[in-house]
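Count the sequence shown with this note's numbering and you get residues 9 to 373, in order. These notes concern the structure reproduced below.
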Amino acid sequence: MVTSASLLGLDPISIGNLMWAPLLIILMKVVVVFGVGLVATMLMVWFERKAIAGMNNRIGPNKAGPWGLLQTLADGTKLFFKEDLLPERADRFVFRLAPFLAFVPAFLVWSIIPLGGDFSNGKDGLVTWFGHTTRVQLADPPVGILLLLALSSIAVYGIMLAGWSSGSKYPLLGSVRASAQMVSYEAALGLSVATVILLAGTLSTSGIVGNQGNFVNWHVISTGVIPFVIFMIAATAEMNRPPFDLVEAEQELVGGFNTEYSGIRFGLFFLAEFMNTITMSGIIVTLFFGGPQGLFDIPGIPGAWEGTLWLIAKIVVFLYIYVWMRATLPRFRYDQLMNLGWKILIPASLGWFMLMAVLRLARDE
C-alpha cells in the first residue's frame, strides 16, 4: 500500500505523542527545494550575462554587489515597482494566470529530482537525519519520470495562453509557434526517456539514479549516447532556448509571446525561462549522468553532501553549454526547426528505442 509517507521517502516515527521528526524533515526539504531554487535562478541570470559578456569581450554586470551578483535582484526590484499594464482587448483572467503557469511547474520539478544522498554499496540514496532515514529529495513517487515529463511540459501552456489572451497578433503568433514546437519535439524527448526507462526498469527517479552505479553504467554510455543527444536537442527546443527561440524572435514577432507583458508578470516569464534551464539540466544529469553520483570520492566530505556537490557541478556544466549555445549558434528558420523534429529526431529516437528493446530482449533470453 502506497501512503503519503512512503511517497515522500519517510517512515513516520513517534517522539512522545508528536510525530515531529517527519514533519521537520519535510519542512526542511520544502525550504531547501524552493528557497535554493529561487536563489539558483537569480545566480543563473547573472551567470549567463557574465559568461556571454566574457565571450563578447565585455565586462558584463559589475555595479550591483560584488562582481555584479546582485544585479538580478536589482532588476527584479525595478520590475516589481513598474506598472502592471493590462491590454484593452486581453482576456483578463487568463492574461494574469499565464505567467504562473510558466513559473510554478519549473519549481515543482525539483521536488522529484534526487538532490544528494549516498548511492554507494546499495544504499539507494538513503541518509539519516535526526535519527530518521530519508532521501535527499522532497518526494520519490513510483512514477516520478512521468511527473517530470508532465511538469516540464506544462510551462508551454503558460506561453500559449499568454499569447492567446493578449489580444495582439504578435504574441498570438509566438504562442502558435510554441505549440508547434512542443508537439514536434515532445515525442522525440519522450522516446529518449523511454530508452532510459527500458534499461533502468523503473519510473522512480531515485531508482534510475541507483541503476547508474558507477561511471561505466551511466545511461549516457549504456544507452549508446544517441538518446542523450536527442534529449538535449529536444529539451532545448521545448524550453525555447537559442537556437530554437522562435517564439520570441525579435526580428519577426517584436517581443514574441510576452510583448504585452510588463512589470512583475514580465519578470515571472523571465525567471521561468532561466528556472526551466536549471530544471532541464537537473533532469539531464538525473537521467543520463548518474545524478548525485560522482566520479571519485571527495576527501573530508560526507557521502550525502558529496553527492550534492557532484550534482551541482554537473548541472553547472550543462548550464554553461546552454549559455555557449545562446552566444554562438544562429537561430533556426521555422522550416528547419520542423524538419529537424519530424524528419530526424522522431525517426532516430524511435529506431534507437526499438534497437535497444531488441538488444535487451536478446540479452534476457
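By construction, the Cβ of each residue, glycine as well, lies at the ideal position given by its N, Cα and C atoms.
C-alpha of PRO30 to C-alpha of VAL144: approximately 13 Å in a straight line. Collapsing the DSSP output to three states places VAL151 in coil.
Linking PRO300 to LEU134 through their CA atoms gives a straight-line distance of about 12 Å. In the assembly as shown, THR294 is a buried residue. Its beta-carbon has 16 or more other beta-carbons within 10 Å. Under the three-state reduction of DSSP output, VAL40 falls in the helix class. Under the three-state reduction of DSSP output, LEU159 falls in the helix class. Secondary structure at LEU146: coil, using DSSP grouped into helix, strand and coil.
ASN248: not part of any alpha helix (DSSP H); DSSP gives it neither H nor E. Taking a C-beta distance under 8 Å as the contact criterion, PHE265 and GLY182 qualify as a contact pair. Here THR141 is bridged, per DSSP, to THR136. For GLU56, the uninterrupted alpha helix (DSSP H) run begins and ends at 45-63, by DSSP.
Contact between the segment 70-81 and the segment 115-125 is absent: fewer than three C-beta pairs spanning the two stretches fall below 8 Å. The beta-carbon distance between GLY166 and ALA110, rounded to whole angstroms, is 3 Å. This is short enough to meet the 8 Å contact definition.
Relative to ALA186, the option among ALA365, THR85, TYR342, GLN220 whose CA is nearest is TYR342. Taking the C-beta atoms as reference points, VAL204 is found nearer than 8 Å to PRO235.
Per the Cβ contact rule, the segment 236-247 is in contact with the segment 196-203 (3 or more Cβ pairs under 8 Å). Assigned with DSSP and collapsed to three states, ILE67 falls in coil, not helix or strand. Taking a cut-off of 8 Å for Cβ pairs, the segment 302-320 and the segment 276-283 do not touch, as fewer than three such pairs fall below it. In the DSSP assignment, LYS86 falls within the unbroken alpha helix (DSSP H) covering 79-88. The beta carbon of ARG57 sits closer than 6 Å to those of GLY68, PRO69, all from its chain and outside the five residues before and after it, given in chain order. PRO107 counts as buried, since at least 16 other C-beta atoms from the protein chains shown sit within 10 angstroms of its C-beta. Look at GLU91 here: in three-state DSSP terms it is coil, with no helix or strand label. In the three-state reduction of the DSSP assignment, ILE167 falls in the helix class, which pools H, G and I. Between the C-alpha atoms of PRO179 and THR213 there is a straight-line separation of about 36 Å.
Put simply, of TRP332, GLY302, PRO150 the residue whose alpha carbon is nearest the alpha carbon of THR285 is TRP332. With contacts defined as CB atoms closer than 8 Å, SER357 and ASP92 fail to qualify as a contacting pair.
For THR285, the three-state secondary structure derived from DSSP is helix.
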